[in-house]
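Presented below is the structure to which this report refers.
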Amino acid sequence: MMNKAISFDDLKGKVAVITGGAGVIGSSLAESLSGLGVITVILDINEVEAVKVASAVEAKTGTRSFGVMANVLDKQSLQEAYGLILSRVGDIDILINGAGGNHPDATAKLEFASSGQEGDEKDTFYGLDPEAFRKVFDLNFLGTMLPVMVLTAGMKKRGRGVVLNISSMNAFRPLTRIPAYSAAKASINNFTQWLAVHLAKAGIRVNAIAPGFFLTYQNRFLLTDKETGELTERGKKVMASTPMGRFGNPEELGGTVAYLLSDISAFVTGVVIPVDGGFNAYSGV
Ligand code: NAD
């Protein structure tokens, strides 16, 4: 018997919702998938940007794309968006949970706390704002969980669909200074596995990518100097810890994502794939 030819053709005409789709990574994924014939729904809390990204994607690839406003932390808002999506392009085949990120008030100034050091409390873990912790946890975890709960209803009914979550390097080993974001992304790895098991018999696969370091709006302030654009000490460390010796480009996520969404990976569920230039594999020695 001949093996079936390998291609991404099964993705053509599928409907993919990308939460946080107006962001750096979401919009880049939208463009990559749109290039493969996927109908993309740019779901974002920022409606103006969502509509802008959708028309840019559609203009570039000729494949249908549209922007819809929704808050991933609000079930009602997601339900309304779902209704709109159903009426505009039909039911959803693919959900990408791209909304997420860190908060500056949950970021410690210092990497290490020292004993006997008075007055540094505000710059260490002790000075962080618990409310900012909650925001980071909510955005990354609830903001992944709720869209799955609402937007995969049709997938479950049909017994077919794919969910893709976005994790991070800090989920495997926490990065200094960002305890909330690290723990929140660790919860994404755990939830990806849990959900993959829970939905395996319902025909829905659940996987994640863990991007390494991409210079984007969210981490630019940690990795490069605002004025000079030079690498900060942290940026230099990241570079030294990335065997490929460079930051990633968002478009380099597209291939791994297409693989995880397509039937090519029909027997793959519950995995988190690093796309990181070797960062996660490197012990530094
Ligand atoms: P981004 O800030 O460029 O985009 C995030 C998007 O989410 C924005 O368009 C924003 O409006 C939207 N959003 C925020 N809150 C929302 C809400 N409540 N409801 C709906 N939409 C909301 O971020 P990015 O750099 O593209 O990151 C995307 C994902 O990748 C995040 O989960 C992030 O944690 C993860 N990630 C990023 C990097 C990186 O280097 N940038 C690395 C690893 C993981």
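Residue numbers for the sequence shown, in this note's numbering: 104 to 388.
By construction, the Cβ of each residue, glycine as well, lies at the ideal position given by its N, Cα and C atoms.
All values derive from a computational prediction rather than experimental measurement.
At least one heavy atom of ligand 1 falls within 8 Å of the beta-carbon of A202.
Within the segment 152-230, the runs of beta strand (DSSP E) that reach at least 3 residues and sit entirely inside it are, in chain order, 168-172, 197-200. Looking at G264, A235, G129, the one whose alpha-carbon comes closest to that of G306 is G264. Between the beta-carbon of S168 and that of I145 there is about 7 Å, and that keeps the pair under the 8 Å contact cut. Close CB contacts of K155 within its chain, under the 8 Å cut and outside five residues either way in sequence, are with A125, G170 (chain order). Under the criterion of beta carbons closer than 8 Å, L278 and S285 qualify as touching, at roughly 6 Å.
Relative to ligand 1, G123 has its C-beta within less than 8 Å of a heavy atom. K178 is positioned such that its CB atom lies no closer than 9 Å to that of L231.
The beta carbons of A209 and I281 sit closer together than 9 Å. Counting along the chain, no beta strand (DSSP E) covers G357; the unbroken alpha helix (DSSP H) around it starts and ends at 357-364. In this structure the segment 367-378 does not touch the segment 116-136; the number of beta carbon pairs closer than 8 Å is below three.
It is roughly 20 Å from the alpha-carbon of R308 to the alpha-carbon of S135. Judged by DSSP in its simplified three-state form, V266 adopts strand. A direct Cα-Cα distance of roughly 12 Å separates A303 from V266. Of the candidates S344, F111, E330, the residue whose Cα lies closest to the Cα of G381 is S344.
The C-alpha of L213 lies about 29 Å from the C-alpha of I312.
Between A211 and F228, the C-beta spacing is below 9 Å.
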